[in-house]
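K.L.:
Here full-length UniProt numbering is used: position 2 in the sequence shown is 2, and no number is missing along the way.
Got a structure here, written out as structure tokens. Questions coming.
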Amino acid sequence: MPFKAYEELLPRAMTIHHYPSCMYQKCLNSATLNCFYGESTMHEKLIEAIASLDEAKALELTKELLEAGEDPTTILDDLRRAAEVIGSKFEAGEYFIADLVMAGEILK
């Protein structure tokens with residue numbers, strides 16, 4: 001099972017359990033959140049695919065979600081969350097300008 005980036009799941013954990021971000025931001029990592037949430041949903045897989053710049057997987061998952069009757073606004077929210085993860089990776093020095101260009105092409 002692929003690990004989820006805690007940056008993308010932390011807001012979900014705080015929303016569900018109302019945890020203050022300053023309290024748990026450093027102790028929640030991807031392994032902890034995977035144990036807490038179990039298997040990835042298709043939405044989480046879509047966010048992960050976009051955040052890892054896997055265009056083919058992102059398109060495939062988007063198509064599957066639309067064919068399953070998923071609300072397009074929910075998918076757009078996933079794209080926003082993926083963009084936030086990409087921005088965090090850029091700020092951390094993990095991604096560079098070329099990665100941002102690739103992400104922009106995927107999100108287009």
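The beta carbon of each residue, even a glycine, is placed where N, CA and C say it ideally should be.
This structure is a prediction, so every number in the text was calculated from the model and none was measured.
Identify which residue in His43, Lys45, Ser52, Met42 has its Cα closest to the Cα of Ser88.
P.N.:
Position 88 of the sequence shown, counting from 1, holds the residue named residue 88. Residue Ser52 is the option with its Cα nearest to Ser88.
K.L.:
Assign Arg81 to buried or exposed, taking buried as 16 or more other Cβ atoms, counted over all protein chains shown, within 10 Å of its Cβ.
P.N.:
As a working mapping, residue 81 is identified with position 81 in the sequence shown. Arg81 should be labelled buried.
K.L.:
Thinking C-alpha only, which one of Met42, Glu48, Ala56 is nearest Gly69?
P.N.:
In the sequence shown, the residue the question calls residue 69 occupies position 69. Of the listed residues, the one whose Cα sits closest to Gly69 is Met42.
K.L.:
Does DSSP classify Thr41 as helix, strand or coil?
P.N.:
Residue 41 sits at position 41 when you count from the first residue of the sequence shown. The answer is coil: DSSP assigns Thr41 none of H, G, I, E or B.
K.L.:
Please look up how many angstroms separate the CB atoms of Ile106 and Glu55, rounded, as I've assumed it's under 8 Å.
P.N.:
Your numbering for residue 106 matches position 106 in the sequence shown. Your numbering for residue 55 matches position 55 in the sequence shown. That belief holds up - the Cβ atoms of Ile106 and Glu55 are roughly 5 Å apart, short of 8 Å.
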